[in-house]
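Down below is the structure, laid out as structure tokens.
Number of protein chains: 2
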Amino acid sequence: MVTNVRDRTAREPLTRDRVLRTAVSLADRVGVDGLSMRKLAQEFGVVPMALYKHVANKEELLDGMVDVIIGEVDSPIAGADWRTAVRERILSARRALLRHPWASRLLETRSTPTPTVLAYMDEMIGLFRDGGLSLDITHHAMHTMGSRLFGFTQELFNDPPPIAPELEAALYEAMATTYPHVYEIYRSVTHDDASVVGGHGCDDQFEFEFALDLLLDGIEQQV
Amino acid sequence: MVTNVRDRTAREPLTRDRVLRTAVSLADRVGVDGLSMRKLAQEFGVVPMALYKHVANKEELLDGMVDVIIGEVDSPIAGADWRTAVRERILSARRALLRHPWASRLLETRSTPTPTVLAYMDEMIGLFRDGGLSLDITHHAMHTMGSRLFGFTQELFNDPPPIAPELEAALYEAMATTYPHVYEIYRSVTHDDASVVGGHGCDDQFEFEFALDLLLDGIEQQV
DNA sequence: ACCTGAACACCGTTCAAGT
DNA sequence: ACCTGAACACCGTTCAAGT
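In order, the protein sequence lines correspond to chains A and B. Going by this note's numbering, the first sequence opens with residue 288, and the numbers climb by one from there. Going by this note's numbering, the second sequence opens with residue 288, and the numbers climb by one from there.
See the structure below:
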């Protein structure tokens, strides 16, 4: 007698939506690199090929997962000036991405925007335009904001390495002569800021908002 | 009688440097996704495991390839004000990345900076500091610049889809009602700008410099 | 018409055997 | 001591066979 990983009696029919949502929650657990068609199928107690009924291939699955995340972003608040509307929407996108740490990396690898992504960008352009910005300025603004429109920045080397705090300090001391300027900043951050939580000792939310406001200032001055 | 893919008589000894440079040129030809340890080994007429003498694993190979690219960036020009020095260096990095279209994507996937990358960032911090910017401002400036320090922006969906120009226009017409704001910008770009070359019709170099200058303006105002 | 599983053409990497 | 190739544990996806 063969028993399945999952109870077959409790089995609901597969739908594209269920496939995508389960893929998101699997990625939350194992990361986007750990996500495979085979593991996802296992999640349903189903043969890998069964997924291909709902999704043409893995790329389409990944696109769909991005759509699920975008769906978590709040709609623009009504009746606000363009700057507030843009700012709040971006911060909402950021909160969604922070809930799914793999999502920004995934977004980076998409080669074609899905309709959902296009709609998101269209709405964002609309916020600038309705605020009275010219086509040209809006166009440049969109390029300037880049991935910040989706609530993230290129996170180069940001992964907090799992290292003991006292070891980390020693490591930086060792780097002091080779990378004096990096060291200097490291020192200033770890000494000044008592509220530092994890990572490389930077307050990522502060840095994100600092850059965001600097950009919005710059755009405002173009008007 | 068995002949090798490459002439064995002409074979120089493998070195880490040769491995990395050949990996870069292989990636130039087949893209970074097409690059595998097995194909790279074939390039030398060697068994895959032979590479592991010079590189601990594939991650280290990829890190090394980034270092090769960084090595192509010009040193900061001497005697310039901080703004010019930073600007020129970033544009030099951009030129290096444009020579290897896969490189920015690769950079995005690195999880730990190599010594070469750290040295690059250290020099960049030095330019700000030598220009008289405070530690705090410099720190925020580095975060704000983000991947632009390496000469690229998050290129979300920028890959020019291989589509016939007349088809592209028709596609956008079809989108006109669904994504009115995107359409409006598309129209303004394709009509105004006669010098548009390839891609989505945007002048990427202009957009990059526009955003770069906007950021440098913003940083300057903080001083 | 639908679902399935074996098979294909790849991966990166381990490891024991060969020289 | 060095190099090698078979083998392992995975992939995404094709395709023909089963119901």
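Built from N, CA and C at the ideal position, the CB exists for glycine as well.
- For Pro-363 of chain A, the number of other beta carbons within 10 angstroms of its own is at least 16, and it is reported as buried.
- Annotation: Leu-338 of chain A is outside any alpha helix (DSSP H) and is labelled neither H nor E by DSSP.
- Pairing Arg-308 of chain A with Gly-332 of chain A, the inter-Cα distance amounts to about 16 Å.
- By the C-beta density criterion, Asp-361 of chain A is exposed, having fewer than 16 other C-beta atoms within 10 angstroms.
- With fewer than 16 neighbouring CB atoms inside 10 Å of its own CB, Asp-417 of chain A falls in the exposed class.
- If only uninterrupted alpha helix (DSSP H) runs of at least 4 residues are considered, those enclosed by the segment 380-465 of chain A are 390-396, 402-417, 422-432, 452-462.
- The shortest CA-to-CA distance from Glu-299 of chain A to any of A:Ser-475, A:Glu-330, A:Met-324, A:Asp-500 is the one to A:Glu-330.
- Around the CB of Leu-458 of chain B, fewer than 16 other CB atoms lie within 10 Å, so the residue is classed as exposed.
- Against chain B, the CB of Glu-395 of chain A has a partner CB under 7 Å away; the residue lies at that interface.
- The contact set of His-426 of chain A on chain B, defined by CB atoms closer than 9 Å, consists of Ile-472, Ser-475, Val-476, Cys-489, Glu-494 in chain order.
- Each of B:Met-324, B:Ala-383, B:Gln-508 was checked against the Cα of Met-336 of chain B, and the nearest Cα belongs to B:Met-324.
- In the same chain as Val-353 of chain B, and ignoring 5 residues on each side of it, the C-beta atoms closer than 8 Å to its own belong to Ala-390, Leu-393, Leu-394, Arg-397, Thr-401, Thr-403, Val-404, in chain order.
- Straight through space, the alpha carbons of Ala-461 of chain A and Leu-454 of chain A are spaced by roughly 11 Å.
- Within its own chain, the residues whose Cβ lies closer than 7 Å to the Cβ of Lys-345 of chain A, once the five positions on either side in sequence are excluded, are Met-324, listed in chain order.
- For Thr-371 of chain A, the three-state secondary structure derived from DSSP is helix.
- Put simply, the backbone Cα of Glu-359 of chain A is about 29 Å away from that of Ser-421 of chain A.
- For Gln-329 of chain B, the nearest beta carbon of chain A is not closer than 7 Å to its own beta carbon.
- The beta carbon of Tyr-473 of chain A sits closer than 6 Å to the beta carbons of Tyr-459 from its chain, once the five residues preceding and following it are set aside; these are given in chain order.
- Per the coordinates, the alpha-carbon of Asp-490 of chain B lies some 32 Å from the alpha-carbon of Gln-492 of chain A.
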